[in-house]
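This report refers to the structure that appears directly beneath it.
Protein chains: 2
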Amino acid sequence: MRTLDEIGICAKAAEPALRVLNTGKKDEALLGVAEKLLTEAAYILEANEKDVLRAKENGMKPALVDRLMLNQSRIEGMAEGIRQVAALPDPVGEVRSMKQRPNGLLIGQKRVPLGVIGIIYEARPNVTADAFALCFKAGNVVILRGGSDAFYSNLAIVEVIRAALKEHKVPEDAIQLIEDTSRKTAQEFMKMDRYVDLLIPRGGAGLIRSVLENSRIPVIETGTGNCHIFVDESADLSMAVSIIFNAKTQRIGVCNACESLVVHEKILDRLMPALKKKLDEKQVEIRGDEKAAAAVDGVVLATEEDWGTEYLDYILSVKTVGSIDEAIAHINRYNTGHSEAIITSDYANAQKFLNEIDAAAVYVNASTRFTDGYEFGFGAEIGISTQKLHARGPMGLEALTSYKYIIYGNGQIR
Amino acid sequence: MRTLDEIGICAKAAEPALRVLNTGKKDEALLGVAEKLLTEAAYILEANEKDVLRAKENGMKPALVDRLMLNQSRIEGMAEGIRQVAALPDPVGEVRSMKQRPNGLLIGQKRVPLGVIGIIYEARPNVTADAFALCFKAGNVVILRGGSDAFYSNLAIVEVIRAALKEHKVPEDAIQLIEDTSRKTAQEFMKMDRYVDLLIPRGGAGLIRSVLENSRIPVIETGTGNCHIFVDESADLSMAVSIIFNAKTQRIGVCNACESLVVHEKILDRLMPALKKKLDEKQVEIRGDEKAAAAVDGVVLATEEDWGTEYLDYILSVKTVGSIDEAIAHINRYNTGHSEAIITSDYANAQKFLNEIDAAAVYVNASTRFTDGYEFGFGAEIGISTQKLHARGPMGLEALTSYKYIIYGNGQIR
């Protein structure tokens, strides 16, 4: 088992080869990895069984065991995901806005890999293949630190990927797994800014907070979404109900689900009964302020804490406002910089909301559930950034690259 | 005097107004600031005199006193710099690559301000006006923490800027100065990630290291440049000598000055005598490896430490290599990710160097001294980033922005 330092050194050693690996070679290797995941499926499933057995013995909740468990069709899904990444355009090498300066220098901005990317994640073993494919396609070396629950699965998947890379004469160290899953080692890993250019945590709020607090490597914060929908006075009622129902209930555990409603007081009495009726289909609990509670029966009174809570559950908070300005101020105070929507038929209010809301994705008349790399047309997604530096919103391959300036001269001096 | 917490709260309170301030209003305010710096020049010079007097009493070196000192023409320079920033195109508001998705959603990427930017800098008081103008033009609030040596100057300049903003009905808190210049307060400031979106240190290596180690706010690393020039076997000799002389001696204390030469052994004997003769004009000390020392008289033997040293002085190290691959490996090992150049007449080697060198700016046949926001045509520069995340190389106004996705729908749900 390699030490953390050895892992860092091996990653750095693989980096120059990855940096200049051409697209054809990368795609060939990715297809080889996809193929090998299938031919070695039995080996991976055997390893996964060990993890699942141990998890059940430890009393893991069935929903979590389900996330951990692999089967033939899930492995096929992993392989298909890798094939899709191979089919995406390579972001590396593109030169943007090359311009001639008055002194004759020709200066362009060339897209290049970031270098070494660290991923810290929790129980889902499919992240292993997925994160590798995206980092690799963008020319990066990846160091993975998966959760202890998926230890055997991750080990097997990484072994298979490395074997496939070797067959395609690509440095195996393009992917390495930190086998020691202790918290102490994770903390040490976060200090390895000498070797790692970017750290992406994928998992729950606790994991992300811990990485943000401890990392000396630049981190991209992902995944927390206290998303709002503002129902403007002029909203189409049936559209509002349909969008809210979709954003709240289509999938409750995801970061782009709607957690809080902000309603203009002039539409409150018309909206609430229709909305309550629809949300009752899925037993959604509504926690509203006094006005919202007065508008329809069965609304629980919200507390201050509700406005800042990402429920990830069949619960929705409702805040009443007297104006769009009040709505925007409320949302900008409590949102997590993820996805916010307005339902309106008023042109000026639509534009005002788009301009003044501070979030990664701002919608007019659509569900917040669309904040997603696939839905945005990026073909893939490594996460959804809720910070403003480097990448914001759904991160596709481009978010895994940097650029450098290339300058063609013929003897210029200053 | 406001506490750090009050400063953070006031900055956040000013942020929404800055975010939507239109270009005309921003430019008007900037021109007002430039004007007021001139009408209040006597007041600023009086304050500066206090700093200069104290600095001399404390035995500050004349070169540093000169950097600290303001006079009428330097204040005119500050005002002119602000007018130039006002004349630059506003990066905020541009919507890139708006596309229609199959479901009819129209998704575009809109450039927006970053939010609150912190700048930690050392003795030069002109940075105060300069950093404010760039941050403000890009719609950001700025919190400045200048050095204690320029305390009175900074206080006066910020007071004048705030007065001009007030006259133009722009929130004065668009700029705030941390008046407590203690190290302890600086350290606390670096932990204010709740209020500050980005921290940019401007100053010497010690300051930058301290910020990198202590900051919980995302930092952009700037300004360290161990820049190399590789003289390929096929180089035009007189071009090589001219570029090296320029990159080494035109201005020695800057981050884009050349610190180290890498020479192909087949051109060493021809290059060194001509180069030595030229560098002697400015008494440049040459520290070479054994081969370089054998090629011409008067070369000091280099130690391992020399390869990693940014001299910022009339000293140049010379490393001999047997191939371009060896040159690239050496440079990628010792460079600081700033600016690297090759002098060559060989097409394949030029392209290879551009592809394989890992640095912010990679040159063929030109001086490294061109790595600069003005020279690159950005019209201004807040610093030169030597990291890969968010911004790399010279940072103009665009580096002080982020983006958000704006999505126009008509009822779409998933």
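Protein sequence lines correspond, in order, to chains D and R.
The first sequence begins at 203 in the numbering used here and counts up one residue at a time.
The second sequence begins at 203 in the numbering used here and counts up one residue at a time.
Think of the CB as a built atom: it goes at the ideal place given N, C-alpha and C, for glycine as much as any other residue.
- Between G585/D and T424/D, the CB-CB gap stays under 7 Å.
- Excluding five sequence positions before and after T570/R, the CB atoms of its chain that fall closer than 6 Å to its own CB belong to C429, A449, N458, C460, S541, A543, given in chain order.
- At a C-beta separation below 9 Å, M441/R has these neighbours in chain D: N612, G613.
- Going by C-alpha positions, L357/D is about 11 Å away from I377/D.
- Residue contact check for F432/R against chain D: no CB pair falls below 7 Å.
- Distance between R364/D and I526/D, taken at the CA atoms: about 55 Å.
- Contact between the segment 239-252 of chain R and the segment 404-415 of chain R is absent: fewer than three C-beta pairs spanning the two stretches fall below 8 Å.
- In the three-state DSSP reduction, E361/R falls in the helix class (H, G or I).
- Less than 7 Å separates the beta-carbon of I419/D from that of D395/D.
- With fewer than 16 other Cβ atoms from the protein chains shown falling within 10 Å of its own Cβ, L503/R counts as exposed.
- Taken in chain order, the members of the segment 222-237 of chain R whose beta-carbon sits within less than 9 Å of a beta-carbon on chain D are V222.
- In this structure, DSSP gives E381/R a state outside helix and strand, which the three-state scheme calls coil.
- Minimum Cα-Cα distance from E506/R among the listed residues D515/R, G490/R, V498/R corresponds to G490/R.
- At least one CB of chain D lies nearer than 7 Å to the CB of A562/R.
- When CB distances to chain R are screened at a threshold of 7 Å, the residues of the segment 390-419 of chain D falling below it are D399, L400, in chain order.
- Of all residues in the segment 295-323 of chain D, those with a C-beta nearer than 7 Å to a C-beta of chain R are K301, R303, L307, I309, L316, G317, reading in chain order.
- Residue ranges of uninterrupted beta strand (DSSP E) with 3 or more members, entirely inside the segment 434-479 of chain R and ordered along the chain, are 460-466.
- Around the beta carbon of Q614/D, 16 or more other beta carbons lie within 10 angstroms, which makes this residue buried.
- Counting other Cβ atoms within 10 Å of its Cβ, G226/D stays below 16 and is therefore classed as exposed.
- The shortest CA-to-CA distance from K484/R to any of E492/R, L470/R, D499/R, D515/R is the one to D515/R.
- Boundaries of the beta strand (DSSP E) around P596/D: 595-597.
- Per the coordinates, the alpha-carbon of I284/D lies some 7 Å from the alpha-carbon of A331/D.
- S355/D and F447/R have their C-alpha atoms spaced approximately 58 Å apart.
- Beta-bridge analysis with DSSP links R298/R to Q311/R.
- Shown here, L518/D sits in a strand according to DSSP, grouped into three states.
- Secondary structure of E577/D (DSSP, three-state): coil.
- The beta carbon of I454/R lies closer than 7 Å to those of L514, D515, Y516 in the same chain, with the five residues before and after it left out.
- At a cut-off of 7 Å, the C-beta of Y565/R has a neighbouring C-beta in chain D.
- Within the DSSP secondary-structure output, H430/R pairs in a beta bridge with S462/R, E542/R.
- Non-local C-beta neighbours of V413/D in its own chain, meaning closer than 7 Å and more than five positions away in sequence, comprise I322, M392, L401, P403, V421, ordered along the chain.
- Per DSSP, P327/R lies in no beta strand (DSSP E) segment and is marked neither H nor E.
- One alpha carbon belongs to V287/D, the other to Q311/D, and they sit about 24 Å apart.
- When secondary structure is reduced to three states using DSSP, E217/D falls in the helix class.
- Listed as beta-bridge partners of T424/R by DSSP are S587/R.
- Setting aside the 5 residues that flank it on each side, F580/D is surrounded in the same chain by P596, G598, each with a C-beta closer than 7 Å to its C-beta; the list follows chain order.
- Under the DSSP definition of a beta bridge, Y607/D partners with Q311/D, A563/R.
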